[in-house]
Amino acid sequence: MLKYFHKYANPGKFLTLALPVRKIMGIVSIGVVTVGLIFALFLSPPDYQQKETVRIMYIHVPAAWMSLMIYAFIFFSSVVFLVWKFPLFLILAKESVTIGVIFTFTALLTGSLWGKPTWGTYWVWDARLTSFLVLFFIYLGLKLIMDSFSYSSKGDYAFGYLALIGGFNLPIIKFSVDWWNTLHQPASILRTGGISISSEMLIPLFLMAIGFLFLFIYILLVSVEINLKKRKIIYYKNKPDN
Amino acid sequence: MSKEYLLKVKNLSCERNYKIIFNKLSFNLYPRNIVFIDGNNGSGKTTLLLCVSNILTYSGEVLIKKGIDNFGYVGHRNGLYDTQTVDSFLYFWKNIYNYKKSYHSILEYFNLSRFIDVPVSSLSFGQKKKLSFARLIMMKSKVWLLDEPISGLDKKTKKIILKLIQEHLSLGGGALATSHERLSYFDKKKVTRVKID
Amino acid sequence: MIKLFFLFLLKDFKSYLLDSNKSWFAISFFLLCVLIFPLTYGSSVDLLKKTAIASIWICALFSNLISLESLFKEDYQNGVLLQYRINKIPFSIIVITKCISHWVFTGLPIIFFSPFFLIFLSGSSSDALGLFFSLLFGTPLFSLLGMPIAALTLGATARGPLLIFLSIPFFLPIIIFGVLGVNSFNSGSYSEYYLLCAILSISIVILPYITIKILQESLK
Amino acid sequence: MIDEILNFINMNGHSFYIWTAYFIPLTLIFSYILIQRSKLKRMKKYETKI
Numbered sequence: 000m001l002k003y004f005h006k007y008a009n010p011g012k013f014l015t016l017a018l019p020v021r022k023i024m025g026i027v028s029i030g031v032v033t034v035g036l037i038f039a040l041f042l043s044p045p046d047y048q049q050k051e052t053v054r055i056m057y058i059h060v061p062a063a064w065m066s067l068m069i070y071a072f073i074f075f076s077s078v079v080f081l082v083w084k085f086p087l088f089l090i091l092a093k094e095s096v097t098i099g100v101i102f103t104f105t106a107l108l109t110g111s112l113w114g115k116p117t118w119g120t121y122w123v124w125d126a127r128l129t130s131f132l133v134l135f136f137i138y139l140g141l142k143l144i145m146d147s148f149s150y151s152s153k154g155d156y157a158f159g160y161l162a163l164i165g166g167f168n169l170p171i172i173k174f175s176v177d178w179w180n181t182l183h184q185p186a187s188i189l190r191t192g193g194i195s196i197s198s199e200m201l202i203p204l205f206l207m208a209i210g211f212l213f214l215f216i217y218i219l220l221v222s223v224e225i226n227l228k229k230r231k232i233i234y235y236k237n238k239p240d241n
Numbered sequence: 000m001s002k003e004y005l006l007k008v009k010n011l012s013c014e015r016n017y018k019i020i021f022n023k024l025s026f027n028l029y030p031r032n033i034v035f036i037d038g039n040n041g042s043g044k045t046t047l048l049l050c051v052s053n054i055l056t057y058s059g060e061v062l063i064k065k066g067i068d069n070f071g072y073v074g075h076r077n078g079l080y081d082t083q084t085v086d087s088f089l090y091f092w093k094n095i096y097n098y099k100k101s102y103h104s105i106l107e108y109f110n111l112s113r114f115i116d117v118p119v120s121s122l123s124f125g126q127k128k129k130l131s132f133a134r135l136i137m138m139k140s141k142v143w144l145l146d147e148p149i150s151g152l153d154k155k156t157k158k159i160i161l162k163l164i165q166e167h168l169s170l171g172g173g174a175l176a177t178s179h180e181r182l183s184y185f186d187k188k189k190v191t192r193v194k195i196d
Numbered sequence: 000m001i002k003l004f005f006l007f008l009l010k011d012f013k014s015y016l017l018d019s020n021k022s023w024f025a026i027s028f029f030l031l032c033v034l035i036f037p038l039t040y041g042s043s044v045d046l047l048k049k050t051a052i053a054s055i056w057i058c059a060l061f062s063n064l065i066s067l068e069s070l071f072k073e074d075y076q077n078g079v080l081l082q083y084r085i086n087k088i089p090f091s092i093i094v095i096t097k098c099i100s101h102w103v104f105t106g107l108p109i110i111f112f113s114p115f116f117l118i119f120l121s122g123s124s125s126d127a128l129g130l131f132f133s134l135l136f137g138t139p140l141f142s143l144l145g146m147p148i149a150a151l152t153l154g155a156t157a158r159g160p161l162l163i164f165l166s167i168p169f170f171l172p173i174i175i176f177g178v179l180g181v182n183s184f185n186s187g188s189y190s191e192y193y194l195l196c197a198i199l200s201i202s203i204v205i206l207p208y209i210t211i212k213i214l215q216e217s218l219k
Numbered sequence: 000m001i002d003e004i005l006n007f008i009n010m011n012g013h014s015f016y017i018w019t020a021y022f023i024p025l026t027l028i029f030s031y032i033l034i035q036r037s038k039l040k041r042m043k044k045y046e047t048k049i
């Protein structure tokens, strides 16, 4: 396992390996998202309770899944960086933060837009919404700590440790918010059991989820390539014998 | 030369902030000798001292003579709390280093006895530097790492500190100093120059 | 080792007592914060009564946040931390003594004065014991959780705002359990206190260790 | 025909929510992709110079 990591954690090898994957992902993700959008907007039927607003689900739910998945990805790659000190994993983690911010923002925005016609308000201090807001702030914190240490390797470890502490803390935050909500607010407004998901709705949902996943991989690979190239340029500029 | 070294540095290179600071430096430090690290501003003199004291990660070898587990260090930042008085500062470090003797003779040596109850923040730059050298004496380390030990000081203070280093060398210690100034104070045979470009 | 521990603890206490910016700052900030709440509610005593516990917790949070910035800043900036590292003084002692002294000078006064503030904010006196215990478990957690974050931001540009931004999301569970604990204390359920205790005991084990690691990296 | 399209755009009276929910996130994601791609192109140009 470790040997395998060592082989592909080398940035140069990673680039040659990633190039075809990136190109395929670029085409496939755009295709899948387009097909998913067509299914979501035109082909899927309106819900019998929520009517047309159910179409927001096809972008809201995959974005929420993605933001959780991306945090898990950041957490594990920064743990790998902290333990084995592969710089590649740090770059992977750092470059996924912006995408995570975008997806979390998407989930929050579409959630509140979905909430207005169904529950009557844009925002409820519900456990799930609150914990997502906290997740959004943790993402922003990661982004801030990246920017405030620009061009210094000190920030690398600060970033890694913050992702680590955040990873430990997120379940606790989620649990505490759940606890807080169940005591104070009877579950009257939100009832997820109301939606019965039929297969016609599952198709666009999964298409969008897969499309977002591929989009994430594509943007990530592009960003990593930019970062590696930037590093290479700085490295060559500062070589003593150059 | 089969002399026993205090410190042996072999092919030391260091990368910091994604830049190579220096590449493949080698030098030895023998007892009673001093190594001067020469170079321009920003060429990585301080980085070299931090690499030797094993704070930064480096590639290459730093061999230290057995029995030496501590380095004395005087840096740009003096490592003094502003609110501490001179007395409490010395008492604190005396206890840390297990220095048995009284520290009043050291204060006498540096002409600081008058300032014993004065908080550190009201001392001048040179006096602060002298205090950090007082800490160095209490430490009784064989190897001293000195980062610009005499820059920005007046002639009298410079002399005191140079004499102190000379004494340390004559007792069998070694020193690793970075300096801009060419020091003709020391015996030429005992000085090694290392150039970083 | 034990001698070193007491030496450092004494030094930290002394530095807190000598530097009036550090020791009295937190508690006076707490006082000022408490003053704001009655003023913003107008003359509505009913509202004040309901929010007394929440406002005390908010003030405790803010005074902790404000004092977090000075936790490692001085040591880092004047090079003492580097000196400790080169002289191979174990960082565990430094971190633990810092944490203890920070709590003693920012958490402990708040805990002891909290019943008075409860009366001050016209809260019901039956909550005093619950508030006392919840603060007793909560404030050390503020210090413990703030420690790694304060260490993380060493060497960053614009450190103060960054520190506050990073630490508030992590303090949320403590506030939630703390405030809920007081509310359910009188009805005889202590589950929030048990949870706070559980988080505290895990944090005491893990967080100092992480802080040591971060501090060592911050010197690089 | 036009009626049908208008009806579709109207989304049963919820057009505002649905169209903003689709429009803003998708523009965010795709503009980020475009920015990153242009950056990569610039980097490649710069790299060949060296």
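Chains D, C, W and Y, in that order, give the protein sequences.
Under numbering that gives the first Met the number 0, the residue at position 5 of the first sequence is numbered 4, and the numbers go up by one with no gaps.
Under numbering that gives the first Met the number 0, the residue at position 7 of the second sequence is numbered 6, and the numbers go up by one with no gaps.
Under numbering that gives the first Met the number 0, the residue at position 114 of the third sequence is numbered 113, and the numbers go up by one with no gaps.
Under numbering that gives the first Met the number 0, the residue at position 16 of the fourth sequence is numbered 15, and the numbers go up by one with no gaps.
Note that beta-carbon positions come from the ideal geometry of N, C-alpha and C, so glycine has one too.
Distance between residue j and residue i (C-alpha atoms, nearest Å)
i      : j      : result
W/Y193 : D/A162 : 27 Å
D/W118 : W/S133 : 35 Å
D/E51  : C/I19  : 60 Å
C/W92  : C/D37  : 31 Å
W/T105 : W/L70  : 11 Å
C/V34  : W/L17  : 41 Å
C/L175 : C/D68  : 16 Å
D/S147 : C/N16  : 14 Å
Y/D2   : D/G30  : 29 Å
W/A157 : W/E73  : 16 Å
D/I209 : D/G35  : 9 Å
D/T105 : D/A63  : 8 Å
D/W83  : D/G99  : 24 Å
C/F185 : C/K127 : 24 Å
D/G193 : D/P45  : Caution applies to D/G193, whose pLDDT of 49 falls short of 50 and renders its modelled position unreliable; the value that the coordinates give is listed next. So the two alpha carbons sit approximately 14 Å from each other.
C/K154 : C/T45  : 24 Å
Residue-chain proximity (residue i, chain W), Cβ-Cβ < 8 Å
i      : result
C/F70  : yes
D/L143 : yes
D/V79  : no
C/G74  : yes
8 Å Cβ cutoff, residue i in contact with chain Y
i      : result
D/R127 : no
8 Å Cβ cutoff, residue i in contact with chain D
i      : result
C/M0   : With a pLDDT of 46 at C/M0, under the threshold of 50, the predicted position of this residue should be treated as unreliable, and no value is reported.
C/K18  : yes
W/P114 : no
C/R134 : no
Where residue i meets chain D, residues with beta-carbon distance less than 7 Å
i     : result
Y/M42 : I225, K228 and K229
Y/T19 : L112
Residue i classed as buried or exposed, judged by whether at least 16 other C-beta atoms fall within 10 angstroms
i      : result
W/S125 : exposed
W/R84  : buried
W/A59  : buried
W/C196 : exposed
D/A92  : buried
Y/M0   : exposed
D/S187 : Since pLDDT at D/S187 reaches only 44, below the 50 mark, its modelled position is unreliable, and no value is offered.
Y/G12  : exposed
C/G171 : exposed
W/N86  : buried
C/H103 : exposed
C/Y239 : The question about residue 239 of chain C has no answer here: the residues shown for chain C are numbered 0 through 196.
W/S202 : buried
Residues that residue i contacts on chain W, provided the C-beta gap is smaller than 7 Å
i     : result
C/S52 : I85
C/T82 : S14, L17 and D18
Interface flag, residue i vs chain C, CB-CB below 8 Å
i      : result
D/S152 : yes
W/S217 : no
W/E68  : no
W/E191 : no
Residues that residue i contacts on chain Y, provided the C-beta gap is smaller than 7 Å
i      : result
D/V221 : Q35, R36 and L39
Where residue i meets chain D, residues with beta-carbon distance less than 8 Å
i     : result
Y/E46 : K228, K231 and I232
Cross-chain neighbours of residue i in chain C, by beta carbon under 8 Å
i     : result
W/V79 : G78, L79 and Y80
Residue i beta carbon near the ligand SAM (any heavy atom closer than 7 Å)
i     : result
Y/F29 : This structure does not include the ligand SAM; it has no bound ligands of any sort.
Assess contact between the segment 66-74 of chain D and the segment 92-101 of chain D, defined as three or more Cβ pairs (one per stretch) separated by less than 8 Å. Is contact present? yes
At least 3 beta-carbon pairs within less than 8 Å: the segment 134-142 of chain W vs the segment 35-51 of chain W: no
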